[in-house]
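**Q** The structure follows.
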């Protein structure tokens, strides 16, 4: 069935379950009918309404399928449904009289006419399914076949009863006509089922055959019912009703028997196409009709009845139609013979002019035919090849493989059926040409009688191209070095190979430092030439048995295997580093790059002694090259997916990841150096991965909460704003500052989710305070973010949506930039800040005075306020230098028209100094700690804080406000131990802060995760 008429195929288990259920129903009905259903009343119900219900199910099933699907079969299923509806109506009328009214069925009732309509509707449905002829001869044969069937049935009916009706033998002609209508229509229906060819592809052939079986079973039961033996003694509920019941259920099940079948085998599979049974029956239909006509004449003659003119005319026309049909078939056969001869000549010319070599070999391999294309392909005369053995042409190394394939095909041929449905096989081998050259040949081999037929073509160029493509697939196109896939294979082979005692397997990962600058300044063509020269230097610096590969970009790798110790491998790496660091002369210009190399040894080698890492070599410290990729992460995982599963593959993947991680450490420690892998590097990477996962889970599960620290006017203590700060809710219910989490949140997907949560929650909380607390004046809320987060995609849309959804005025939101980032992102950051200011959001530069780039940020970026960093504020009371720097910064801000503020104002002396320097606002423990929502609302109602005054004789190191135990959480104010020997004249005391710039939330750290 085509795509327009096919229903979704049912699953085999469901189909088997439905078939089993139908079989059980039919068997149960037959068993009940055989025992008389236990009572006459139940027999009448099951014989009338049971059959009506089965026919109704068939009608609904066929009608539903006809409505649901399209195509040429839709009218047929609709007609089958109507015919079954007639049966249901007739049985229902029969049951109305016998069961409800409790009286016999009257003559000429509604049931007789509805039963009579069953056959015509089914016959029309069969005609719809029948194939339409495509030629005039086919239409003529169809008309002749129809008349043969109709004339034969007319002759038989005339001899049985119609003749007596015409002669006036019947007492009631209408009753006799109704009685004869059933067998005549049933015989016609059976003739159509047997004789016509029905349209049905592999998709719906099962459905058509099931419907034919159901109709045939119904017709057989009708024929038995019309016989005098059954008709006189029939009563509802007998065993005959089981046949009608089964026929209705088969017709109900038929439309849904759609399943895909493999297409018929190619004629070459067995030499002949498979003949259908329906085609044979269709061919025998005219002769069967003639036999029926003859039987009617014999019945009339043997019964002693005279042969009237009507019977003779009908019989004569049947015989004449049979003769004409035979003549048509004879002409058709002659036409087919001529067409076959034409096609044979056509195919012979195709074989003679084909570019492929066609050969026929006998069972022993002797060639009996070779097409003329052998002269053009093999440069050998076909006549010389005929009579020779096929194996003499094949390369000696390919003979065994060709013989095995030939034996397999011959064995499949003797098996009388191809197990996989393929009529042929393909064999590739080498055949000697006339010049003595070996040609790569692909042959399609098919069984032919007792031998084989081979269709061969020259694929030498294709084999060469495949070899070149395979080389390209495993080699870098620029440097012609092995690529990542081939390098991974060789690493696995080196780890799994058996070597002498002391054999070392090591992998060196190399990255060219400064290559991006060369590529950007001199151009990609010069960069490619530099990579080619670097590859040549690598090959000359390593040993001959070592493997050098390029992984892409400026990444290279070296596989070292041999009896070498760690010092020798490190010396080799230093030699490579020195060779790559030499100047490059390209286009008359001198260019220079360095090399960072990481070394990792295989599992059989002893682990190296861990090297002490400098303090600057943190996992989150790096540079523009190291920050662009994650060590041992996606790149290394991508490199490790090329191998097969197994111990060697796992060890190779781990070795590659370790070398990649060591190279990353080399770049983090200053570039241009060699670093050996240690397990501590992997532990640090795993720790960072765990932290990032915990951060992602904390954002997803709502483990973060939001606190707000008041921002106070230093002159009068008025509360002018609040800063939103995130806290992590620990398992014990404490609110801890997530310092390590926040360092992890500076990049990646977890950082994006955390930033969105922080902005959305801060805006929503400010909007709730503005709506729920009209007594308290609204104050701006400040959110501090890093420059990378502000430049992240989607932040502007998230912020605009939060303001729009909550209704918070944009002027009540201040966005602080904690770190301005590298100069490369300054332009993008400026565009983002300008867009935020157009939205109405204020911007501020936080952390001024720590790190670098602050003055440049003031000159290029649009800010409304400036806030001193806590690292500058903490020493402002003790250090004259710090005080001078802070004063110049505040004066610069005022000259630029920026509002001034300070972070980390924890002591009264800091408040006094900042007042003297002209700082307007401050936040810190000198006023209040970060507050939860309830305490924040109380503070907003107070609308201010008392400005702390410096106590007499104080050192300025103890905060004025001590932690309130009722606030809950971890104390955040650092206090001085009572026994401290230092006095107020000591050098300035440095307090720990969250990094050089304090980060977006420079607060107290929690123990490592």
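Numbering (our numbering), first residue to last: 61 to 1069. Glycine included, each C-beta is placed from N, C-alpha and C at the ideal position.
Grouping DSSP H, G and I as helix and E and B as strand, with all else coil, what is residue 547?
**A** helix
**Q** How far does the beta strand (DSSP E) with residue 146 in it extend, from its first residue to its last?
**A** Where residue 146 is concerned, there is no enclosing beta strand (DSSP E), although the alpha helix (DSSP H) it sits in stretches over 134-155.
**Q** With 16 as the cutoff for other CB atoms within 10 Å, does residue 998 come out buried or exposed?
**A** exposed
**Q** At which residues does the beta strand (DSSP E) containing residue 654 begin and terminate?
**A** 654-661
**Q** Tell me which same chain residues have a C-beta within less than 7 Å of the C-beta of residue 458, skipping the five on either side of it?
**A** Non-local C-beta neighbours of residue 458 in its own chain, meaning closer than 7 Å and more than five positions away in sequence, comprise 489, 490, ordered along the chain.
**Q** Going by the DSSP bridge assignment, what does residue 983 pair with across the sheet?
**A** 963
**Q** Using alpha carbons as the reference points, say which of 568, 594, 577 lies closest to residue 723.
**A** 568
**Q** By Cβ distance below 8 Å, which residues in the same chain neighbour residue 654 in space, the five residues on each side in sequence not counted?
**A** 572, 573, 574, 637, 640, 641, 731, 732
**Q** How many angstroms separate the CA atom of residue 499 from the CA atom of residue 598?
**A** Rounded to the nearest whole angstrom, the C-alpha separation of residue 499 and residue 598 is 39 Å.
**Q** Is there a C-beta anywhere in chain B that falls below 8 Å from the one on residue 310?
**A** Looking at the structure shown, chain B is missing, and only one protein chain is on hand.
**Q** So, are the CB atoms of residue 904 and residue 866 less than 8 Å apart?
**A** no
**Q** For residue 554 and residue 625, what's the separation of their Cα atoms in angstroms?
**A** Computed Cα separation, rounded: 16 Å.
**Q** Could you check whether the segment 109-124 touches the segment 137-153, counting it as contact only if at least three pairs of C-beta atoms, one from each stretch, sit closer than 8 Å?
**A** yes
**Q** Let's test the definition: count the other Cβ atoms within 10 Å of the Cβ of residue 360 and tell me whether it reaches 16, buried, or not, exposed.
**A** buried
**Q** How close, in whole Å, do the beta carbons of residue 215 and residue 381 come, if the pair is a contact with beta carbons under 8 Å?
**A** Rounded to whole angstroms, the Cβ separation of residue 215 and residue 381 is 12 Å, and the two are not in contact under 8 Å.
**Q** May I ask which residues mark the beginning and end of the beta strand (DSSP E) holding residue 519?
**A** No beta strand (DSSP E) contains residue 519, which DSSP labels as neither H nor E.
**Q** Run through DSSP, which three-state label would residue 299 get?
**A** coil
**Q** Enumerate in chain order the residues of its own chain whose CB-to-CB distance from residue 463 is below 8 Å, with the five nearest sequence positions on each side excluded.
**A** 451
**Q** Whole angstroms are fine: how far does the CA of residue 432 sit from the CA of residue 465?
**A** Those two C-alpha atoms are separated by around 26 Å.
**Q** Count the CB pairs spanning the segment 757-770 and the segment 973-990 that are closer than 8 Å, and state whether there are at least three.
**A** yes
**Q** What are the residues that DSSP puts in a beta bridge with residue 785?
**A** For residue 785, which the question treats as bridged, DSSP gives the partners 767.
**Q** Going by alpha carbons, who is nearest to residue 418 out of 786, 508, 378?
**A** 508
**Q** Using a Cβ-Cβ cut-off of 8 Å (strictly less than) and excluding sequence neighbours within five positions of residue 415, which residues of its own chain qualify?
**A** 433, 436, 437, 517
**Q** What are the boundary residues of the alpha helix (DSSP H) that includes residue 441?
**A** That residue, residue 441, is in no alpha helix (DSSP H); it is neither H nor E in DSSP.
**Q** Out of 972, 420, 616, 297, which has the shortest C-alpha to C-alpha gap to residue 89?
**A** Considering only alpha carbons, the answer is 297.
**Q** Could you check what DSSP says for residue 936 in three-state terms: helix, strand or coil?
**A** The answer is coil: DSSP assigns residue 936 none of H, G, I, E or B.
**Q** May I ask you to report which of helix, strand or coil DSSP gives residue 923?
**A** coil
**Q** If you run the structure through DSSP and keep just helix, strand and coil, what is residue 584?
**A** helix
**Q** Do you know whose CA, among 643, 107, 134, lies nearest residue 156's CA?
**A** The shortest C-alpha separation from residue 156 is found at 107.
**Q** Taking the continuous beta strand (DSSP E) assigned at residue 851, which residues delimit it?
**A** Run containing residue 851: none; DSSP gives neither H nor E here.
**Q** Taking just the CA atoms, how far does residue 402 sit from residue 389?
**A** 20 Å
**Q** For the alpha helix (DSSP H) holding residue 1075, just list the boundary residues, first then last.
**A** This structure cannot settle anything about residue 1075, because the visible part of the chain is limited to 61 through 1069.
**Q** Is it true that the CB of residue 609 sits closer than 8 Å to the CB of residue 542?
**A** Contact flag set, yes.
**Q** Using C-beta distances below 6 Å, list every residue in its chain close to residue 425, excluding the 5 sequence neighbours before and after it, in chain order.
**A** 449, 450, 451
**Q** Take residue 184 as the anchor and find which of 780, 135, 739 has the nearest alpha-carbon.
**A** 135
**Q** Report back the beta-carbon spacing between residue 550 and residue 619 to the nearest angstrom; my notes put them in contact at under 8 Å.
**A** 6 Å
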